[in-house]
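**Student:** Would you mind keeping the following structure in view while I ask a few things?
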Amino acid sequence: MGTWYSTQEWTEVVQRAPLVSIDLIITNAQEEVLVGWRNNRPAQHYWFVPGGVVRKGETLQKAFERVVFDELGESIQVRGKDLFDGVYEHHYTDNFAGVEGLGTHYVVLAHRLNSAKHLPVFSSLATLPKAQHSNYLWMSVDALLLDPQVHPNTKAYFQE
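Mapping the sequence shown onto UniProt numbering, position 8 (from 1) lands on 8, and the numbers just tick up by one.
Below is the structure:
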């Protein structure tokens with residue numbers, strides 16, 4: 001399952017090292033992108049693609065499967081490396097705990113999924129988990145790029 005940490009331990013990790021995460025760039029049949037309104041720091045109060053950190057001891061495949069399940073409430077039967085889109089970096093001036101002066105650095109392994117092809121039982125935005133995102137939308141890429149409430153790190157997935 002992978003190791004998880006106390007708040008103090010995780011703060012020390014954020015202070016000392018970059019975090020490795022998996023982001024899920026999910027499109028529907030209309031080529032719209034799934035974004036969620038972030039509840040938590042960093043990127044709080046922005047639209048952002050679903051994602052999560054890789055835990056110590058997890059293989060990348062297990063981390064991919066867990067992130068899909070945690071963020072979408074659904075199991076996936078595909079190899080993450082088959083959907084791999086690239087490596088990105090995200091830098092934030094804040095952190096999950098709100099510790100003043102402590103930024104967060106992510107090395108992000110982005111994956112592109114199609115809801116119909118890769119998540120066949122995905123049915124409704126209303127059924128998605130609310131732990132990380134309080135609301136979800138499908139947005140066209142054009143709208144996403146123009147919306148000031150979409151986080152720049154999400155926009156980066158669609159810019160050259």
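Ideal Cβ positions, reconstructed from N, Cα and C, are used throughout, including at glycine.
Just so you know, these numbers come straight off a predicted model, no measurement behind them.
Could you tell me if Asp-23 is buried or exposed, where buried requires 16 or more neighbouring beta carbons within 10 angstroms of its beta carbon?
**Tutor:** Your numbering for residue 23 matches position 23 in the sequence shown. Classification of Asp-23: buried, given that the 10 Å Cβ count is 16 or more.
**Student:** Identify whether Trp-10 lies in helix, strand or coil by the three-state DSSP scheme.
**Tutor:** Locating residue 10 in the sequence shown gives position 10, where the first residue counts as 1. Note: Trp-10 maps to helix in three-state DSSP.
**Student:** At what residues does the alpha helix (DSSP H) containing Glu-65 begin and finish?
**Tutor:** To locate residue 65, count along the sequence shown from 1; it is residue 65. Taken as a continuous stretch (DSSP letters only), the alpha helix (DSSP H) holding Glu-65 covers 60-72.
**Student:** Of the residues Ala-156, Gln-159, Pro-152 and Tyr-157, which one's Cα is nearest the Cα of His-45?
**Tutor:** Locating residue 45 in the sequence shown gives position 45, counting from the first residue. The residue with the shortest Cα to Cα distance from His-45 is Pro-152.
**Student:** Looking at the secondary structure, which residues open and close the alpha helix (DSSP H) in which Ala-116 lies?
**Tutor:** Numbered from 1 along the sequence shown, position 116 holds the residue referred to as residue 116. Run containing Ala-116: 115-118, per the alpha helix (DSSP H) assignment.
**Student:** Does DSSP put Val-141 in a helix, a strand or coil?
**Tutor:** Taking the sequence shown and counting its residues from 1, the one referred to as residue 141 is at position 141. It is helical.
**Student:** Tell me which residues share the same chain as Met-1 and place their Cβ nearer than 7 angstroms to its Cβ, disregarding the 5 neighbours each side in the sequence.
**Tutor:** The residue you call residue 1 lines up with position 1 of the sequence shown. Low confidence applies here, because Met-1 scores a pLDDT of 47, under 50, leaving its location unreliable; read the following figure in that light. No residues qualify anywhere along the chain.
**Student:** What are the residues that DSSP puts in a beta bridge with Glu-89?
**Tutor:** Your numbering for residue 89 matches position 89 in the sequence shown. Note: Glu-89 sits in a beta bridge opposite Val-107.
**Student:** Just verifying my parser: in three-state terms, what is the DSSP assignment at Arg-112?
**Tutor:** Position 112 of the sequence shown, counted from the first residue, corresponds to residue 112. Reduced to three states, the DSSP call for Arg-112 is strand.
**Student:** Under DSSP, the alpha helix (DSSP H) around Thr-154 begins and ends at which residues?
**Tutor:** The sequence position of residue 154 within the sequence shown is 154, counting from 1. Element bounds for Thr-154: 152-155.
**Student:** Are the beta-carbon atoms of Gly-51 and Phe-64 separated by less than 7 angstroms?
**Tutor:** Within the sequence shown, numbered from 1, the residue matching residue 51 stands at position 51. Within the sequence shown, numbered from 1, the residue matching residue 64 stands at position 64. Contact flag unset, no.
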